[in-house]
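Structure, as structure tokens:
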Amino acid sequence: MNPASIDYRPLTEPVAPGAVTAFRSWARSTRQPWLRASDASQAAVVIFTVLAGVIAVAVVTTAVSIMLVAAAALGWAVLFVAVPVLLLLGAGMLLAVFLVRRAAPFGGWEQRYRLFHFARANGMEWYPQIADPGYPGLLFDRGSARAAYAGARASSGRALDIGNYTYTTGSGDDRTVHRWGFLALRLDRRIPHCVVDARANNALFGASNLGSFARGQVLRLEGDFNEHFTLYCPRGYEADALYIFTPDLMALLIDHSSAFDVEIVDDWMFVYSPTPWNTLDPADWARLFAIADTVGRKAVSQTERYRDARGAALPAPPSSPAAGSADDVVGPGGRRLAPRLPVAAIVAVVALFVLPLLAIAALGLASSWTTSVLP
141 MNPASIDYRP LTEPVAPGAV TAFRSWARST RQPWLRASDA SQAAVVIFTV
191 LAGVIAVAVV TTAVSIMLVA AAALGWAVLF VAVPVLLLLG AGMLLAVFLV
241 RRAAPFGGWE QRYRLFHFAR ANGMEWYPQI ADPGYPGLLF DRGSARAAYA
291 GARASSGRAL DIGNYTYTTG SGDDRTVHRW GFLALRLDRR IPHCVVDARA
341 NNALFGASNL GSFARGQVLR LEGDFNEHFT LYCPRGYEAD ALYIFTPDLM
391 ALLIDHSSAF DVEIVDDWMF VYSPTPWNTL DPADWARLFA IADTVGRKAV
441 SQTERYRDAR GAALPAPPSS PAAGSADDVV GPGGRRLAPR LPVAAIVAVV
491 ALFVLPLLAI AALGLASSWT TSVLP
């Protein structure tokens, strides 16, 4: 997809009067497959808004009653304190409603109208939600309630998917909803698992957003690459990684995606952002199409002749574009990076179980020694 040919007008031009209403009627009359998911999200926002309104009316009514009683008992001067508090309370309720509506993954009908026509104008298919898209990347097997949302997929040619992704971890008070932006591009061949971890978006103390990998899998490359990224590849696959990550590919990664993490796994390349894309912003789309056209194009050309001799005797997975070819198989040792051992958990287990047993054994030995020594 040529970034220069992308038509961004559906995202920015004024919407004709009645166009959104006609679009909504068309979507419902033709039972578009994305309608159920987007309507469910919109219904949740409406329900929250109605509940917030009911609660706000009840709270305001109660507060006004309390103010009137207080004014009658203490004098009308109390209103100088009560009225600002009441205004702040109302502003807080309005802000909560605004934030919920803004955070709704699928947006309102005008947003859907714009994204639908933007995708169609550029040979893509818009989707509001795809539950558990099933990609092999590290991001896509985390937590529960997994879904890609507010994205677009290429209608033909090489598989390309640009969208946002959400999943939930924890429960109760510890429940957290995570939202990411992603780009998925299909490669022609299966490649050893490699992660290009951007230093710019790392968490506290430089921790990777994508998890922890064994230190023995870090591969340092030449030039300025190591200042921007940390490259992980399976042990024994260092030469394979150097074959893939050539100086020109490294330069493209630095120039176009230094703020994002990149993962190559199986026959897919993923680009991750720890904050969702703004899919109504032409600048976000332009940057992502540029990444697909530069980094993605180079990754495809650099890997199209890759062959892992360690996997030559194994059958190709049926989902591979080259299924049935012995050349399209990665050896077992290269398919996934080894995670870092949970040192803190091991120490905790030792502290909770092993140390008490050692203490009991030591007390037993001391008791036996005392009994044998004392008359």
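The working numbering puts the first residue of the sequence shown at 141, with every later residue one more than the last.
All C-beta atoms, glycine included, are put in the ideal place defined by N, C-alpha and C.
Assigned exposure category for residue i - 16 Cβ within 10 Å defines buried
| i | result |
| --- | --- |
| L117 | The structure shown does not extend to residue 117, since the chain spans only 141 to 515, so no value can be given for it. |
| T83 | Look at the range of the chain in this structure, 141 to 515, and you will see that residue 83 is not part of it. |
| R242 | Note on R242: pLDDT 48, under 50, position unreliable in the model; no value is reported. |
| S413 | buried |
| D388 | exposed |
| G297 | exposed |
| D401 | buried |
| A259 | buried |
| A324 | buried |
| D281 | exposed |
| G158 | exposed |
| E367 | exposed |
Simplified DSSP assignment, three categories, for residue i
| i | result |
| --- | --- |
| I486 | The predicted position of I486 is uncertain, since its pLDDT is 46 and thus under 50; no value can be drawn from it. |
| I146 | coil |
| M264 | strand |
| A183 | Low confidence applies to A183: its pLDDT is 47, below 50, so where it sits in the model is not reliable enough to give any reading. |
| T370 | strand |
| F385 | coil |
| D516 | This structure cannot settle anything about residue 516, because the visible part of the chain is limited to 141 through 515. |
| Q172 | coil |
| F258 | helix |
| A343 | coil |
Residue i versus residue j - alpha carbon distance
| i | j | result |
| --- | --- | --- |
| N418 | Y383 | 35 angstroms |
| S145 | G312 | 48 angstroms |
| A381 | R319 | 30 angstroms |
| A287 | T306 | 5 angstroms |
| P224 | G248 | 33 angstroms |
| A290 | R254 | 11 angstroms |
| G363 | W425 | 29 angstroms |
| N142 | A478 | 37 angstroms |
| D147 | G263 | 10 angstroms |
| I302 | A439 | 17 angstroms |
| A231 | A198 | 15 angstroms |
| I394 | D328 | 24 angstroms |
| A463 | I195 | In this prediction, A463 has a pLDDT of 47, which is less than 50 and means its spatial position is unreliable; nothing more can be read from the coordinates. |
| M409 | P173 | 27 angstroms |
| G277 | S352 | 15 angstroms |
| S600 | L228 | The structure shown does not extend to residue 600, since the chain spans only 141 to 515, so no value can be given for it. |
| A244 | T415 | Any reading at A244 must be qualified, since the residue scores a pLDDT of 49, below 50, and its modelled position is unreliable; no value is offered. |
| A338 | Y275 | 21 angstroms |
Beta bridge counterpart(s) of residue i as assigned by DSSP
| i | result |
| --- | --- |
| M409 | L325, I404 |
| I302 | A292, L323 |
| Y307 | H318 |
| I331 | D406 |
| V440 | Paired residue(s): none; V440 is not in a bridge. |
| A338 | F369 |
| D284 | Residue identity check: residue 284 is Ser in the sequence provided, not Asp. In DSSP, S284 forms a bridge with T308. |
| R359 | It should be pointed out that residue 359 corresponds to Leu in this sequence rather than to Arg. For L359, which the question treats as bridged, DSSP gives the partners L371. |
Cutoff 9 angstroms: residue i Cβ touching any chain B Cβ
| i | result |
| --- | --- |
| Y275 | This model lacks chain B altogether; it includes just one protein chain. |
beta-carbon residue i near the ligand FMN non-hydrogen atom, thresh 8 angstroms
| i | result |
| --- | --- |
| L151 | Within the structure as shown, the ligand FMN is missing, as the structure has no ligands at all. |
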